[in-house]
Structure formats: structure tokens, C-alpha cells
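In what follows, a structure is listed as C-alpha cells, so that the remarks can point back to it.
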Amino acid sequence: MDELDRRILAILRRDSRTPYTEIADRVGTSEGTVRNRVERLVDEGIIERFTVATRTGNVKAMIEVSVAVDVDTTGVSDRMADWDEVDFVWQVSGEKDVVMVVDAADTRAVNELITQARDLDEVQNTKTRLILDERLG
């Protein structure tokens, strides 16, 4: 991955719907070059998906999860990633092992996700933080 790839990715991170012609103008290359590079970045797994950020008025939260030492965190993370209201699952270092970022209709739905996580045999405890505001970086 070179500097041009990084510049293309920076634009797509802000708005994955940015037309290739606009990206090309902004980075000083052709639309075909941008298209080919994006296709290569997808093929190589550098771009995993194109997604939509929403402002639905829902309750967003980070649910931090600790699992037992002998647990495969990848397996737990994969299961949690399949839950409908989960936007992201991160395996992290520190006191907790996994962080789920959720977008739920209300606090009751967040609490149901916390309970769902705690019901997994591998989970030792959870800690939840409500997201009060967010900015696109």
C-alpha cells in the first residue's frame, strides 16, 4: 500500500459513496486508477466493507466484555458480531477482552444485549458505556 492508496482510503473513510471521479480529482489521478486501486484494496482484504453511518436517535453504547483466560476470543467475537444491533466487535488489550459497539432502539434493548453477552458461558463480566456524542474522524 502506497501513499496514493492511503489518500484514497482517507476519502472513502469519510464517505464511502464518494464518486471515483471526485476522488481522482482530489488525489490528482484518473478515475480508472482510483477504480483499479479500490478493487485491489477490496481483493486484498484491506477494504473489508462499505458501510453506512446513521443518526437514528437510537441509543449507542460500547459493551466491554471480559472472558476467561482459556477462551478463544475470536470465537466469542464472531458470535457477537452476528447479533442484529451490533455494529462492531473489537478484540482489545487491557482490562477487557472484547468491545461491542451497539446501536439499539432504546436502553432496554442495550440491556438485553448486555444480558445476552452475560449469558455466554465464556463471559466473566461486562462494563457498558453509553455513547453521548460522536464525531467523524
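In terms of this note's numbering, the sequence shown opens at residue 4 and continues consecutively. Just so it is clear, CB atoms sit at the ideal spot from N, CA and C, and this is done for glycine as well.
With a 10 Å radius around its C-beta and 16 neighbouring C-beta atoms as the bar for buried, classify residue 6 as buried or exposed.
Position 3 of the sequence shown, counting from 1, holds the residue named residue 6. With fewer than 16 Cβ atoms within 10 Å of its Cβ, residue 6 is classed as exposed.
What separation, rounded to the nearest whole angstrom, lies between the Cα atoms of residue 24 and residue 94?
Residue 24 sits at position 21 when you count from the first residue of the sequence shown. Residue 94 sits at position 91 when you count from the first residue of the sequence shown. Approximately 36 Å between the Cα atoms of the pair.
Starting from the C-beta of residue 103, find all residues in its chain whose C-beta is less than 6 Å away, skip the five residues before and the five after it, and write them out in chain order.
Sequence index remark: in the sequence shown, residue 103 carries index 100 (1-based). Excluding sequence neighbours, residue 103 sits near 66, 83, 89 and 92.
Quick one, are the C-beta atoms of residue 53 and residue 96 less than 8 Å apart?
For the purposes of this step, residue 53 is taken as residue 50 along the sequence shown, with counting starting at 1. For the purposes of this step, residue 96 is taken as residue 93 along the sequence shown, with counting starting at 1. Cβ atoms of residue 53 and residue 96: not closer than 8 Å.
Alpha carbon to alpha carbon, how far is residue 43 from residue 72? Give it in angstroms, no decimals.
Indexing the sequence shown from 1 puts residue 72 at position 69. Indexing the sequence shown from 1 puts residue 43 at position 40. When rounded, the distance between both Cα atoms is 38 Å.
For the alpha helix (DSSP H) holding residue 44, just list the boundary residues, first then last.
Counting from one through the sequence shown, the residue named residue 44 turns up at place 41. Unbroken alpha helix (DSSP H) run through residue 44: 34–46.
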